[in-house]
Amino acid sequence: MALAKHFVTNVVRHACVVSPTASVTLAVEGAGNLVLAVADAHPFKPKLLMAAHDFGGRGLHLVNALVHEAGGRAEVVPDAATGKRALSVSAAWKPAPVSVVV
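Reminder that position 27 of the sequence shown reads as 36 in my numbering, one-by-one numbering, no gaps.
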């Protein structure tokens, strides 16, 4: 949930003037990969900056580091709904066992 909050906050801070709406998708795909994608209609692809600046610039570095540590991947992919792009992260999902008491 922290990554979803971070992604949506970035849309509000950096893309809302050009893209007043965004979509959030959370799904389990393939052989148990949890996928989180946040899409907006901003025309520019986010850049992985080499250094932080006054307006930010650390977000994609932090996301890449966290996702890589979890054995996953982060990428900017085309988004069919907006015709623009989405930031998508995926990692193996191992659901915790659930005990049901009757």
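Ideal Cβ placement from N, Cα and C applies to all residues, glycine included. Owing to the predicted nature of the structure, the values given are computational and were not obtained by experimental measurement.
Shown here, Thr18 sits in a helix according to DSSP, grouped into three states.
When C-alpha distances from Thr34 are compared across Val44, Cys25, Ala40, the shortest belongs to Val44. Per DSSP, the beta-bridge partners of Arg94 are Asp49, Pro87. Secondary structure at Ala11: helix, using DSSP grouped into helix, strand and coil. Here Thr34 is bridged, per DSSP, to Ala46.
Assignment of Ala100 by DSSP, reduced to helix, strand and coil, places it in the strand class. Contact between Val110 and Leu12 does not hold, since the beta-carbon distance rounds to 32 Å and is not under 8 Å. Across the structure, Ala95 and Ala46 are spaced so that their CA atoms are roughly 6 Å apart. Arg82 is bridged by DSSP to Ser99.
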